[in-house]
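In what follows, a structure is listed as structure tokens, so that the remarks can point back to it.
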Amino acid sequence: MSDSLHVPTMAEYAAEGKQPEVLFWVGCAGSFDDRAKKITKAFVKLLHNAGVDFAVLGTEESCTGDPAKRAGNEFLFQMQAMMNIQVLNGYEIKKVVTACPHCFNTIKNEYPGLGGNYDVVHHTQFLKSLLNEGRLKVEGGSYKGKKITFHDPCYLGRANNEYEAPRELLQKLEVELVEMRRCKSRGLCCGAGGAQMFKEPEKGDKDVNIERTEEALETQPEVIAAGCPFCNTMLTDGVKASEKEGSVQVMDVAEMIANAKDL
Amino acid sequence: MQYLPNIIFLVALVLGIGYFTKNIRKVIRNIKLGRAEDHSDHTKERWSNVVRIALGQSKMVVRPIAGILHIIVYVGFIIINIEVLEIIIDGIFGTHRIFAFLGPVYDYLIASFEILAFLVLLGVIFFWTRRNIQKIRRFWANEMKGWPKNDANYILYFEMVLMVLFLTMNAADLQLQRLGAEHYVEAGMYPVSQYFLPLLDSLSEGTLILIERTAWWLHILGILVFLNYLYFSKHLHIMLAFPNVYFGRVVPKGKFNNLASVTKEVELMMDPNADPFAAPADDAEAPAKFGASDAMDLSRVQLLNAYTCTECGRCTSECPANQTGKKLSPRKIMMDTRDRMEEIGKNIDKHGEFQPDGKQLLDDYITREELWACTTCNACVEACPVSIDPLSIIMDMRQYLVMEQSAAPNELNVAMTNIENNGAPWPYNQMDRLNWKNEA
Chain A
0 MSDSLHVPTM AEYAAEGKQP EVLFWVGCAG SFDDRAKKIT KAFVKLLHNA GVDFAVLGTE
60 ESCTGDPAKR AGNEFLFQMQ AMMNIQVLNG YEIKKVVTAC PHCFNTIKNE YPGLGGNYDV
120 VHHTQFLKSL LNEGRLKVEG GSYKGKKITF HDPCYLGRAN NEYEAPRELL QKLEVELVEM
180 RRCKSRGLCC GAGGAQMFKE PEKGDKDVNI ERTEEALETQ PEVIAAGCPF CNTMLTDGVK
240 ASEKEGSVQV MDVAEMIANA KDL
Chain B
0 MQYLPNIIFL VALVLGIGYF TKNIRKVIRN IKLGRAEDHS DHTKERWSNV VRIALGQSKM
60 VVRPIAGILH IIVYVGFIII NIEVLEIIID GIFGTHRIFA FLGPVYDYLI ASFEILAFLV
120 LLGVIFFWTR RNIQKIRRFW ANEMKGWPKN DANYILYFEM VLMVLFLTMN AADLQLQRLG
180 AEHYVEAGMY PVSQYFLPLL DSLSEGTLIL IERTAWWLHI LGILVFLNYL YFSKHLHIML
240 AFPNVYFGRV VPKGKFNNLA SVTKEVELMM DPNADPFAAP ADDAEAPAKF GASDAMDLSR
300 VQLLNAYTCT ECGRCTSECP ANQTGKKLSP RKIMMDTRDR MEEIGKNIDK HGEFQPDGKQ
360 LLDDYITREE LWACTTCNAC VEACPVSIDP LSIIMDMRQY LVMEQSAAPN ELNVAMTNIE
420 NNGAPWPYNQ MDRLNWKNEA
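As given, the protein sequences belong to chains A and B, one line each in that order.
Using numbering that gives the first Met the number 0, the letters of the first sequence correspond one by one to residues 0 to 262.
Using numbering that gives the first Met the number 0, the letters of the second sequence correspond one by one to residues 0 to 439.
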């Protein structure tokens with residue numbers, strides 16, 4: 000068990016009568032998807048590094064209901080939401096951080112109407128605040144001077160108008176940030192949103208993730224940076240389809256910072 | 000007989016404005032068929048949106064060429080309308096250039112109208128070439144065949160003709176002023192139409208008066224016809240853009256409505272004290288339909304959106320599904336909604352109230368394939384220069400498909416069953432949710 004990370008749960012905190020600084024909402028992808036789990040672990044290492052007192056819900060966490068809602072199943076969404084809100088309110092959670100923009104958007108925007116009011120931040124926003132408070136040090140390290148492009152997740156960017164936090168973190172890594180033609184508020188979707196992740200796409204000329212990956216590759220990056228586990232999967236598949244997996248990596252901003260710090 | 004022109008003018012004016020009002024009342028009636036929602040929130044932000052997005056055209060200039068051309072035509076349209084006021088007063092009272100007493104102010108007004116009219120003419124010609132010569136892709140999509148394509152061109156021809164008539168009228172007037180013709184007071188500055196004078200040089204006073212009067216009458220009658228054309232065309236946006244922006248989204252784009260009717264049911268389901276066998280009270284309302292299958296199921300703002308859409312296609316050209324060859328086009332969603340509203344409106348005109356016609360928005364206009372191709376990325380909502388939200392209609396129709404018809408694509412049913420049973424869209428056990436911390 001020497002490799003296991005120290006990840007306290009809310010149940011443990013409650014048993015000791017303690018309240019963490021922030022709840023880390025891991026999300027389904029972050030919990031189960033092999034690629035996304037790496038992002039989860041990198042983020043946990045950064046939280047430890049910055050001395051953040053955090054906890055997770057562990058087995059008490061359940062899907063936020065985002066894919067159900069976007070698929071049109073409002074019943075299932077609200078059932079998931081109300082169950083999660085009961086758990087969160089039971090633990091008197093005040094602040095939530097998550098590495099998934101879909102969880103972020105749902106808890107931040109759609110839970111308040113159902114009785115769940117928390118201060119919700121995306122992990123790039125949280126890391127930025129740790130940086131500003133001087134709790135986290137970020138230096139170029141292995142990414143210094145490398146050409147990197149950032150893919151805006153729809154549910155962080157257009158949906159919630161956050162374009163700068165991930166870019167500020169990348170700039171701290173002293174990378175050469177190159178923008179794609181369609182970026183920020185006009186960024187092209189990776190193709191996974193709206194529950195598309197869980198179904199085959201409709202008939203067309205091309206898959207959305209291929210279109211987006213080709214655009215990212217046009218900037219000739221060494222790394223395509225992402226801020227969403229689903230974008231990450233879609234772009235990784237796109238890079239493989241272009242047979243560029245040997246030269247171009249798709250990485251979450253948190254992973255890049257953790258790598259740069261040799262965590 | 001001396002007052003014949005005044006009477007003809009008044010009749011034309013009353014008919015023109017009257018018929019337009021009648022049709023606008025139909026638009027309002029049709030929009031009111033939609034669900035009422037409360038929009039008394041965020042008043043300050045709503046007004047600021049109207050100033051910034053509608054009046055200030057802030058979203059138009061995201062695409063600089065079309066944006067700047069549009070601002071020219073828009074400013075021209077608004078300012079030149081001051082001249083229409085003078086034309087109406089002259090027409091009713093048989094006066095000529097009634098505002099001429101303003102002296103130098105009048106000179107500058109006329110001069111600015113002329114310059115704007117000229118710029119509008121150039122702008123509209125440029126617009127026409129973009130559509131018909133340059134053939135910009137968004138103007139040639141599938142839903143733009145037939146009437147929508149012709150409609151767009153008719154509007155441009157109308158505007159070209161109106162501007163040419165306005166400048167012709169001014170040129171003839173100026174020449175008559177120079178000849179010292181009776182009734183033609185010397186007033187105004189004509190920085191554009193003065194260059195037409197050589198063409199009129201050899202004409203007699205009578206011919207000039209004929210040209211001036213003909214241009215004057217065709218110009219004002221043309222405006223009245225154009226006003227009435229709006230209702231039948233995509234061009235209603237020149238009026239509806241303002242209320243549409245006011246009622247547009249003021250919360251983050253990622254925030255989708257939570258259905259209150261569903262909340263009630265879910266609360267009941269989760270209430271341990273609720274009697275699962277309780278019969279509904281006798282006076283209980285019939286449960287509301289979930290989602291939308293027809294235009295009347297949509298909200299009033301969504302229907303206003305449909306009437307406001309001017310089919311510019313910025314939404315469709317930013318849509319990831321459309322860009323990769325899928326059938327979905329957010330613009331078509333708006334056009335279909337409006338077409339269906341018009342069909343419902345005609346049905347009401349004919350029968351006094353809506354008689355079921357065996358049709359609906361779903362399937363007869365918008366196919367399921369289109370609805371399921373959406374990634375909910377909000378690119379269409381971001382792109383719309385007048386705050387139209389095609390995504391909300393797509394979502395309401397998906398809700399109908401899933402909650403009323405259980406007609407989700409099978410793979411989504413699998414994902415949803417997983418969420419319901421084990422709290423994740425994949426078939427993993429919820430008890431394994433923290434296993435990652437022990438995996439190296």
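Just so it is clear, CB atoms sit at the ideal spot from N, CA and C, and this is done for glycine as well.
Exercise for the section: Report yes if the CB atom of A:R69 is closer than 9 Å to the CB atom of A:G226, and no otherwise. Expected result: Their beta carbons are not under 9 Å apart, which means A:R69 does not touch A:G226 by this criterion.
Handout entry: Close beta carbons around A:K243, own chain, < 7 Å, minus the five adjacent residues each side
Key = Hits under 7 Å: L216.
Exercise for the section: Taking all protein chains shown into account, decide if A:M179 is buried (16 or more other Cβ within 10 angstroms of its Cβ) or exposed. Expected result: So A:M179 ends up on the buried side.
Exercise for the section: Starting from B:W371, trace the beta strand (DSSP E) both ways and give me its first and last residue. Expected result: Premise fails: B:W371 lies in the alpha helix (DSSP H), 367 to 371, not in any beta strand (DSSP E).
Practice task
Starting from B:E381, find everything on chain A with Cβ-Cβ shorter than 8 Å and list it in chain order.
Solution key: Ordered by position in chain A, the residues that pass the 8 Å Cβ test against B:E381 are R157, S184, R185.
Problem - Nearest neighbour of B:I79, chosen from B:L68, B:L118, B:S47, B:N227 [CA to CA] - result: Looking at the Cα atoms, B:L118 is the closest of the given residues.
Problem - Identity of the residue in A:M255, A:K44, A:G115, A:E214 nearest A:E138 by Cα - result: If we check each option's Cα against that of A:E138, A:M255 comes out closest.
Exercise for the section: Kindly list, in the order they appear in chain B, the residues whose Cβ is closer than 9 Å to that of A:R166. Expected result: The premise fails here: A:R166 is roughly 18 Å from chain B at the closest Cβ pair, so nothing lies under 9 Å.
Practice task
With a threshold of 16 other CB atoms inside 10 Å of the CB of A:H5, please say whether the residue is buried or exposed.
Solution key: That one is exposed.
Problem - Residues bridged to A:H121 (per DSSP) - result: Partner(s): A:T97.
Exercise for the section: Would you give the residue range spanned by the alpha helix (DSSP H) that B:V413 belongs to? Expected result: For B:V413, the enclosing alpha helix (DSSP H) covers residues 409 to 421.
Practice task
Please state if the CB of B:L32 and the CB of B:F353 are separated by a distance shorter than 9 Å.
Solution key: Yes, the Cβ-Cβ distance between B:F353 and B:L32 is below 9 Å.
Exercise for the section: Measuring only between beta-carbons, confirm whether A:A70 sits less than 9 Å from chain B. Expected result: Interface residue, yes.
Practice task
Helix, strand or coil for A:K17, going by three-state DSSP, please let me know.
Solution key: DSSP places A:K17 in coil when its eight states are reduced to three.
Exercise for the section: Give a yes or no on whether 9 Å exceeds the smallest Cβ distance from A:M179 to chain B. Expected result: Judged by the 9 Å Cβ criterion, A:M179 is not in contact with chain B.
Problem - 8 Å Cβ cut-off: residues of chain B touching A:V6 - result: By Cβ distance, chain B contributes L433, K436.
Handout entry: contact_flag[the segment 425 to 433 of chain B, the segment 54 to 64 of chain A] where n(CB pairs < 8 Å) is 3 or more
Key = Result yes; three or more Cβ-Cβ pairs closer than 8 Å.
Exercise for the section: Output the boundary residues of the alpha helix (DSSP H) element that contains A:F149. Expected result: Segment 146 to 149 is the beta strand (DSSP E) holding A:F149; no alpha helix (DSSP H) there.
Problem - Selection of the segment 403 to 436 of chain B by Cβ proximity to chain A, strictly under 7 Å - result: Going along the segment 403 to 436 of chain B in chain order, one finds A407, P408, E410, L411, A414, M415, I418, E419, G422, A423, P424, W425, Y427, Q429, M430, R432, L433, W435, K436 with a Cβ nearer than 7 Å to chain A.
Problem - Helix, strand or coil at B:F246 [DSSP, three-state] - result: It is coil, neither helix nor strand.
Practice task
Give me whichever residues DSSP pairs with A:M250 in a beta bridge.
Solution key: According to DSSP, which records beta bridges pairwise, A:M250 is partnered with A:A224.
Handout entry: Outcome for A:D236 when other beta-carbon atoms lying within 10 angstroms are tallied against a minimum of 16
Key = Counting Cβ neighbours within 10 Å, A:D236 comes out buried, since at least 16 surround it.
Practice task
State buried or exposed for B:Q404, treating a residue as buried only when at least 16 other CB atoms are found within 10 Å of its CB.
Solution key: It is exposed - the Cβ of B:Q404 has fewer than 16 other Cβ atoms within 10 Å.
Practice task
Tell me whether the beta-carbon of A:R280 lies closer than 9 Å to the beta-carbon of B:E381.
Solution key: Outside the displayed span of chain A (0 to 262) sits residue 280 of chain A, for which this structure offers no information.
Handout entry: Residue span of the alpha helix (DSSP H) that contains B:V10, given as start and end
Key = Per DSSP, B:V10 belongs to the alpha helix (DSSP H) from 3 to 30.
Exercise for the section: Give the residues of chain A in contact with B:G290, contact being defined as C-beta atoms less than 9 Å apart. Expected result: In chain order: G71, E73.
Problem - Under 9 Å by beta carbon: chain B residues contacting A:K40 - result: Under the 9 Å cutoff, chain B gives W435, K436, E438.
Problem - Span separating the alpha-carbon of B:F165 from that of B:C311 - result: Distance between the alpha carbons of B:F165 and B:C311: 27 Å.
Problem - DSSP three-state assignment for A:M0, whether helix, strand or coil - result: Low confidence applies here, because A:M0 scores a pLDDT of 40, under 50, leaving its location unreliable and the question unanswered by this model.
Practice task
Given a cut-off of 9 Å, decide if B:P319 and A:E210 are closer than it, judged by their beta-carbon atoms.
Solution key: Yes, the pair counts as a contact, with Cβ atoms nearer than the cut-off.
Practice task
Please list the residues of the segment 253 to 273 of chain B that have a C-beta atom closer than 8 Å to any C-beta atom in chain A, keeping them in chain order.
Solution key: Residues of the segment 253 to 273 of chain B with a Cβ closer than 8 Å to any Cβ of chain A, in chain order: G253, K254, F255, N257, L258, V261, T262, E264, V265, E266, M268, M269.
Exercise for the section: With DSSP collapsed to three states, give me the class of B:E113. Expected result: Note: B:E113 maps to helix in three-state DSSP.
Exercise for the section: Please go through the same chain and pick out, in chain order, the residues whose beta-carbon is closer than 8 Å to the beta-carbon of B:A378, but skip the five residues on each side of it. Expected result: Closer than 8 Å at the Cβ level, and outside the excluded window around B:A378, lie C314, E317, C318, P319.
Problem - Between the CA atoms of B:N412 and A:M250 - distance to the nearest angstrom - result: About 31 Å.
Handout entry: Buried versus exposed call for A:A191 [16 or more other C-beta atoms within 10 Å across all chains shown]
Key = With 16 or more other Cβ atoms from the protein chains shown falling within 10 Å of its own Cβ, A:A191 counts as buried.
Exercise for the section: Quickly, what does DSSP pair B:L361 with across the bridge? List them, please. Expected result: When DSSP reads this structure, B:L361 sits in a beta bridge with B:I365.
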